[in-house]
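Residue numbers (this note's numbering): -12 to 264.
Okay, structure first, notes after.
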């Protein structure tokens, strides 16, 4: 029997070995028909192995999510399908029935080329380049990326810097993100770039505290460490808030917001054109 959702909230998990655009558009078109239903889209791109899929499947199982698959890797697709069957998870392999019907009518198999629907257009190359930029300048790897970036994200740990960077990168924006730690020196270049492209991410102390305690448990460490303490969390939030005021940048609270919602707020608030859709 299908589990009922008393909170009227549905989590969609998009799993793709490309950028997941096909499943995203389908999900958004379906969701638009149910304006009173709360939905959250979790998008996972470039998934190519079982290990990566396992983490997503565990989370989806906890939330009784709906999985939308666009995978050309038959082995990986079957692995995910079998997992869903065993754990009674609802899933839709979007490509499979269409590919099967074409094969049936033509006696020809699919090319199995990941992302084959994307021609070598300027827009596609721009998005690929943006994604590469986001990965290169993730988590403050190179402060020089702050100069070239279209968007600079700042925030303490557990404020969704990396997921937001990747999502915005998929929209075609070059994003660099910088973790804020009170003990670390802030790069001088941060005060030299246009504050209009800087976004300070914040959240509630309870959200950060919960995330950090869970992380400690995952590592087999005691949850009562300084890193996870409420005192430390508030110290870091205060530090970041003071920096945002000094920079005069946009501040976005990611608490209780999906990555998609936060990204939309950033794009609109910075006056950028939504390149992805």
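Every residue gets a Cβ at the ideal spot worked out from N, C-alpha and C, and that includes glycine.
As the structure is a computational prediction, the values presented were derived from the model and not from experiment.
What residue range is occupied by the uninterrupted alpha helix (DSSP H) comprising residue 256? Counting from 1 along the chain shown, the entry for residue 256 is found at position 269. Segment 246 to 256, the alpha helix (DSSP H) holding residue 256.
Would you mind sorting residue 236 into buried or exposed? The rule is 16 or more other CB atoms within 10 Å of its CB. Locating residue 236 in the chain shown gives position 249, where the first residue counts as 1. With 16 or more Cβ atoms within 10 Å of its Cβ, residue 236 is classed as buried.
Assign residue 214 to one of three DSSP states: helix, strand, or coil. Numbered from its first residue, the chain shown carries residue 214 at position 227. Of the three classes helix, strand and coil, the one that applies to residue 214 here is helix, per DSSP.
Could you tell me the distance, in whole angstroms, from the CA atom of residue 134 to the CA atom of residue 184? Within the chain shown, the letter at position 147 stands for residue 134. Within the chain shown, the letter at position 197 stands for residue 184. Rounded to the nearest angstrom, the two C-alpha atoms are 10 Å apart.
Taking the runs of the beta strand (DSSP E) that are 3 residues or longer, which of them lie wholly in the region 68 to 148? 77 to 80 and 138 to 142
Using only the alpha-carbon positions, how far apart do residue 24 and residue 170 sit? By 1-based counting over the chain shown, the position of residue 24 is 37. By 1-based counting over the chain shown, the position of residue 170 is 183. Approximately 43 Å, taken between the alpha carbons.
Contacting residues, own chain, Cβ-Cβ under 7 Å from residue 240 (five flanking each side not counted): Translated into positions along the chain shown, residue 240 becomes position 253. Closer than 7 Å at the Cβ level, and outside the excluded window around residue 240, lie 189 and 190.
Reduced DSSP category for residue 3 - H, G, I as helix; E, B as strand; rest coil: Residue numbering aside, residue 3 sits at position 16 when the chain shown is read from its first letter. Note: residue 3 maps to strand in three-state DSSP.
Residue span of the beta strand (DSSP E) that contains residue 165, given as start and end: Residue mapping note: residue 165 aligns to position 178 of the chain shown, counting from 1. From DSSP, the beta strand (DSSP E) with residue 165 extends over 162 to 166.
Three-state secondary structure (DSSP) at residue 41? Within the chain shown, the letter at position 54 stands for residue 41. The answer is helix: DSSP assigns residue 41 an H, G or I state.
What distance in whole Å lies between the Cβ atoms of residue 142 and residue 167, which are believed to be in contact at a cut-off of 8 Å? The residue you call residue 167 lines up with position 180 of the chain shown. The residue you call residue 142 lines up with position 155 of the chain shown. Going by Cβ atoms, the distance from residue 167 to residue 142 rounds to 6 Å, so yes, they are a contact pair.
Can you give me the C-alpha to C-alpha distance between residue 15 and residue 129, rounded to a whole angstrom? Stepping through the chain shown from its first residue, residue 15 is reached at position 28. Stepping through the chain shown from its first residue, residue 129 is reached at position 142. Answer to the nearest angstrom: the Cα atoms are 35 Å apart.
Extent of the continuous beta strand (DSSP E) run through residue 265: Coverage of the chain is limited to positions -12 through 264, which leaves residue 265 absent and any answer about it impossible.
Min CB distance residue 123 to chain B below 9 Å: Looking at the structure shown, chain B is missing, and only one protein chain is on hand.
Answer yes if the region 248 to 258 comes into contact with the region 200 to 209, meaning at least three C-beta pairs across the two stretches below 8 Å, and no otherwise. no
Start and end residues, alpha helix (DSSP H) containing residue 280: Residue 280 lies beyond the range of the chain shown here (-12 to 264); nothing can be said about it.
For residue 87 versus residue 56, is the C-beta distance shorter than 9 Å? For the purposes of this step, residue 87 is taken as the residue at position 100 of the chain shown. For the purposes of this step, residue 56 is taken as the residue at position 69 of the chain shown. Contact: no.
Cβ contact check for the region 206 to 223 and the region 114 to 127: 3 or more pairs under 8 Å: no
Inspect the beta-carbon positions of residue 44 and residue 1 and report whether they are closer than 9 Å. Here residue 44 corresponds to residue number 57 of the chain shown, with the count starting at 1. Here residue 1 corresponds to residue number 14 of the chain shown, with the count starting at 1. It is not a contact, given that the beta carbons lie outside the stated cut-off.
For residue 230 and residue 163, the rounded distance between their alpha carbons: Taking the chain shown and counting its residues from 1, the one referred to as residue 163 is at position 176. Taking the chain shown and counting its residues from 1, the one referred to as residue 230 is at position 243. Their Cα atoms are separated by approximately 17 Å.
Nearest to residue 174 by alpha carbon, out of 182, 181 and 165? Residue 174 sits at position 187 when you count from the first residue of the chain shown. The shortest C-alpha separation from residue 174 is found at 165.
Out of 82, 247 and 46, which has the shortest C-alpha to C-alpha gap to residue 74? As a working note, residue 74 is residue 87 in the chain shown. Checking every option, the nearest Cα to that of residue 74 belongs to 46.
Beta-carbon proximity list for residue 238, same chain, < 7 Å, skipping 5 on both sides: Numbered from 1 along the chain shown, position 251 holds the residue referred to as residue 238. Within the same chain, residue 238 has close Cβ partners 187, 189 and 231.
Inter-residue spacing [alpha-carbon to alpha-carbon] between residue 136 and residue 11: Working through the chain shown from its first residue, we reach residue 136 at position 149. Working through the chain shown from its first residue, we reach residue 11 at position 24. Each residue's alpha carbon lies about 25 Å from the other.
Using 8 Å for Cβ pairs, my map puts residue 113 next to residue 159. What's the rounded Cβ distance? Along the chain shown, read from residue 1 onward, the residue named residue 113 stands at position 126. Along the chain shown, read from residue 1 onward, the residue named residue 159 stands at position 172. Rounded, the Cβ-Cβ distance is 5 Å, consistent with contact.
Pick helix, strand or coil for residue 220, following the three-state DSSP scheme. Start at 1 with the first residue of the chain shown, and residue 220 comes out as number 233. Here residue 220 sits in helix by DSSP.
What does the Cβ neighbour count give for residue 76, buried or exposed, with the cut at 16 atoms within 10 Å? Working through the chain shown from its first residue, we reach residue 76 at position 89. Classification of residue 76: buried, given that the 10 Å Cβ count is 16 or more.
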